[in-house]
Each structure stands twice: as structure tokens, then as C-alpha cells.
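Here's the structure we're looking at; comments come further down.
Numbering (this note's numbering), first residue to last: 194 to 307.
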């Protein structure tokens, strides 16, 4: 099922993009919607994830008095991805354990006897 004209306008607004198809074409947004089994919030989350993966390539740099921190874009997109994934009823984002937890609760090892 394809996005309606209203949904297409809404998804562009929710992603903060224009209708000029510079970021995602209408066909790409419809493909994301189909991949999300017509789940609007999941389609938005998937679009944000694609933007996030693209932003992972950005570098921070300083030149004289100018400083660009493009990795902040990745962090902000990650927050938006987690928001939209939660809106879609998806799983909570995974968080890594601490070294202290790993030392206190080590993995169990099963020994096998022959």
C-alpha cells in the first residue's frame, strides 16, 4: 500500500524535509512505508535510521576560529530514531552494560564431560 498524498506530506514534515525530493524521493518514502508493513511511525523511524547511517560518515573539524561538529547530527538523529521507534511500539534501544556489571555478573561457563 502506498502513502496517501496527506501521509506523504506528513512524513516529509515529520522528517523535516521538503517536497523537492532532495533527501528522499516520493518512491523511496513509499518503499519505506511498504517495508514497514504500512506502519507510519515505523516508516518514519526507518527513514531516520537511513539518515543516521549516512550521518555516521561526518567528521568533526576545527579550522582557525571555525568549528564544525557534524557528529552532533548523528547523535540528534539517534535520539529521533529512538523516539520514532518507541512511537511505533518497537523494542527499547539496547544499552551496553558496564565493566563493573560484567565483573560482578560474569558469564556462566558450562563444562561438558565426555
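In this text, a Cβ means the ideal position worked out from N, Cα and C, and glycines have one as well.
> In its own chain, which residues sit with a C-beta less than 7 Å from the C-beta of residue 234, not counting the 5 before and 5 after it?
Replying inline: Counting from 1 along the chain shown, the entry for residue 234 is found at position 41. Within the same chain, residue 234 has close Cβ partners 277, 280 and 281.
> Sorted by chain position, which residues of the same chain lie with C-beta nearer than 6 Å to residue 223's C-beta, five sequence neighbours on each side aside?
Replying inline: By 1-based counting over the chain shown, the position of residue 223 is 30. So the qualifying residues of the chain are 195 and 196.
>> DSSP has residue 259 in a bridge; who is on the other side?
In response: Position 66 of the chain shown, counted from the first residue, corresponds to residue 259. Per DSSP, 256.
> In terms of residue numbering, what span does the alpha helix (DSSP H) encompassing residue 228 cover?
Replying inline: Counting from 1 along the chain shown, the entry for residue 228 is found at position 35. From DSSP, the alpha helix (DSSP H) with residue 228 extends over 219–228.
> Can you tell me the Cα-Cα spacing of residue 198 and residue 219, whole angstroms?
Replying inline: As a first step, residue 198 is located in the chain shown; it is residue number 5 there, counting from the start. As a first step, residue 219 is located in the chain shown; it is residue number 26 there, counting from the start. Residue 198 and residue 219: Cα-Cα distance of roughly 10 Å.
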